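Below: the structure, in structure tokens.
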Amino acid sequence: MVQGDIMKIAVVGMGFVGSVTAAVLADQGNDIVALDIDSEKIERFKSGEPPIFEPGLNDLMARNKNNMEFTTDYHSIRDSDVIFIAVPTPTINGKINLDYIHSSLKSITPVNRDAKIVIKSTVVPGTGTRMENEYKIKIVSNPEFLREGMAIYDTIHPDRIVVGGDPEYAKFVAKIWEFTKAPILITTRENAEMIKYASNAFLATKISFINEIANLCEKIPNSDVETVAKGIGLDKRIGPLFLKAGIGYGGSCFPKDTQALISVAEELGEETKIVKASKKVNEERIERIIKILNKKFGALKGVKILQMGISFKENTNDIRESQALKLYEYLKNNGAIITVYDPLNKIDGLNYCNSVFDCINDVDVIIIATEWPEFKMLEDMKVKIPVIDGRRILDPDKFEDYYGVGMFHD
Ligand code: UGA
């Protein structure tokens, strides 16, 4: 279990990054204070029913309930050795908004000025240094690289740990993560902050790149982006991951972080041409699906659609910046009659079906909008109507009328 000394660690912000960080560090034997200003959220954590769906989180919290204190009171963190800040940093009008970081620092500094304060939230390069000067405290940057749905695994088995700031403070914070055995990069705060943006922008670009190749494959007989991705991914310099063509990336990170990087560049008098292009390619993904529908049915008015998936990716109930939700809205606004099936989501106002078996006979077409593995069940259902696979999870040979993103069709 515990590798180094047991520490008193506070985590401010109980979103999915904060709650996973708190639970994993509690499991390492540290004393954790988990703080959020939302009392309803805190009550749910206390009652053992976290308001966040993340595989394994419930069990981890239950196992460590004796060394996790949930609170809304900043006085509870007055003895903490280290305070992680994991509050949201949304993009408003294209620019990062740091209000939550400011309000946490305004609440932390009167009760504890001795702790190492670590910004885990994604912030644009230079933010940590500005906060250090403004609040007269030491700030360490320790960006997270975890994926929703895989957050606990990624926190325990990260590819790397990046810590930026005063070397002595950074080394102290790095020790907390030594149990992961991952390579640790200690650097400047600015580099650490930039590594987070550059990573997300690069991954988003990889997805848009393969989506652009998918567009070409759709027009070339006998070609299929899945095989092309496999072929290029075997080159070690490229690698096989994040080359899945589909209806585009969404979520709370890629769209926001690419936009923030574009804005940072503008402020610096530079232009991130590649990141801008990735964003544009992504914004055009939904139109590709609409074109297939138009070809098949003409106008969308009255077309009965079963949309499979509404979350931004599989294994999550998160619909933030979901391409699937954008597709739904477009279809609905254009008169289609849509039924949604999603294993986790039941958003108010959407017409859901509880079982695919129940609604499959009443629709004209099925669209796969999220890559939930269980949607492969369609393969055994002898589906006769057209299936548009926007995430390339199905075996084309199992369907009579199949359109896959990135597969030739005339
Ligand atoms: C992403 C990064 O993967 C994490 O490393 C990072 O820490 C996190 O953002 C963050 O900044 O907090 P996440 O938003 O959970 O994690 O989602 P991903 O698994 O990266 O997927 C993002 C989107 O890309 C999804 O909509 C997914 O459907 C899409 N995607 C992903 C593709 O279309 N193709 C792929 O090959 C991979």
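The numbering used here applies: residue 26 is where the sequence shown begins, and numbers increase by one.
We treat Cβ as the ideally placed atom computed from N, Cα and C, and that holds for glycine.
Given the structure is predicted, the values throughout are model-derived calculations rather than measurements.
Residue i: CB within 7 Å of a non-hydrogen atom of the ligand UGA
i: Asn225; result: yes
i: Tyr274; result: yes
i: Phe382; result: no
i: Leu268; result: yes
i: Ser277; result: yes
i: Phe337; result: yes
i: Leu228; result: yes
i: Asp282; result: yes
i: Ile238; result: no
i: Gln53; result: no
i: Thr147; result: yes
i: Gln348; result: yes
i: Ile232; result: yes
i: Gly431; result: no
i: Gly151; result: no
i: Gly189; result: no
i: Glu169; result: yes
i: Glu218; result: no
i: Gly415; result: no
i: Glu396; result: yes
i: Gly264; result: no
i: Gly271; result: yes
Residue i to residue j span [Cα, whole Å]
i: Val112; j: Gly43; result: 8 Å
i: His434; j: Glu157; result: 56 Å
i: Val430; j: Ile410; result: 17 Å
i: Ile272; j: Pro398; result: 16 Å
i: Arg214; j: Glu295; result: 21 Å
i: Ile232; j: Arg417; result: 14 Å
i: Gly253; j: Glu346; result: Just to set this straight, residue 253 is Val in the shown sequence, not Gly. So the alpha carbons of these two residues sit roughly 28 Å apart.
i: Lys298; j: Tyr160; result: 35 Å
i: Leu1; j: Asp139; result: Examination of residue 1 is not possible in this model, given that the chain is present from 26 through 435 alone.
i: Ala51; j: Val198; result: 15 Å
i: Phe70; j: Val37; result: 14 Å
i: Ala290; j: Glu309; result: 23 Å
i: Lys351; j: Ser128; result: 32 Å
i: Met333; j: Val390; result: 11 Å
i: Tyr427; j: Ala87; result: 45 Å
i: Ser224; j: Ile209; result: 16 Å
i: Asp420; j: His182; result: 32 Å
i: Ala19; j: Tyr353; result: Beyond the ends of the chain as shown, which are 26 and 435, falls residue 19; an answer cannot be given.
i: Pro75; j: Glu68; result: 9 Å
i: Leu318; j: Arg262; result: 37 Å
i: Gly151; j: Gly276; result: 25 Å
i: Asp422; j: Met175; result: 31 Å
i: Lys316; j: Ala207; result: 45 Å
i: Tyr99; j: Ala270; result: 45 Å
i: Gln28; j: Glu173; result: Its pLDDT being 48, under 50, Gln28 is placed unreliably by the model, and the measurement read from it follows with that caveat. Gln28 and Glu173: Cα-Cα distance of roughly 27 Å.
i: Gly415; j: Asn92; result: 44 Å
i: Asp124; j: Thr96; result: 21 Å
i: Ile344; j: Lys90; result: 29 Å
i: Asp383; j: Thr205; result: 46 Å
i: Leu85; j: Leu241; result: 46 Å
i: Asp260; j: Asp191; result: 38 Å
Neighbour flag for residue i against chain C, beta carbons, 8 Å
i: Asp282; result: Protein chains in the displayed structure number just one, and chain C is not present.
Beta-carbon proximity of residue i to residue j, cut-off 8 Å
i: Ile144; j: Lys163; result: no
i: Pro168; j: Thr147; result: yes
i: Met406; j: Ile392; result: no
i: Ile311; j: Tyr274; result: no
i: Ala285; j: Val149; result: yes
i: Lys279; j: Ala239; result: The question names Lys, but residue 279 in the sequence shown is Phe. Not a contact, by the Cβ cut-off of 8 Å.
i: Ile330; j: Ile372; result: no
i: Ile314; j: Ile413; result: yes
i: Lys305; j: Ile287; result: no
i: Glu396; j: Lys338; result: yes
i: Glu243; j: Met432; result: yes
i: Lys200; j: Ile211; result: no
i: Leu268; j: Gly258; result: yes
Whole-Å CB distance - residue i paired with residue j, under 8 Å assumed
i: Tyr222; j: Asp179; result: Not a contact, Cβ separation roughly 18 Å.
i: Val136; j: Ile102; result: 6 Å
i: Glu218; j: Gly119; result: Glu218 to Gly119, Cβ: 18 Å. No contact.
i: Val58; j: Glu94; result: 5 Å
i: Lys326; j: Asn359; result: 7 Å
Proximity test, residue i beta-carbon vs the ligand ATP heavy atom, cut-off 7 Å
i: Arg172; result: Ligands in the displayed structure: the ligand UGA; the ligand ATP is not one of them.
Legend entry - Inter-stretch contact (C-beta, 8 Å, three-pair minimum) for the segment 360-369 and the segment 377-391: yes
Inset, instruction - Examine the Cβ distances between the segment 95-106 and the segment 30-50 and report whether three or more of them are shorter than 8 Å. - result: yes
Inset, instruction - Report yes or no: do the segment 113-133 and the segment 186-201 share at least 3 C-beta pairs separated by less than 8 Å? - result: no
Inset, instruction - Could you tell me whether the segment 246-254 touches the segment 79-91, where touching means 3 or more Cβ pairs closer than 8 Å? - result: no
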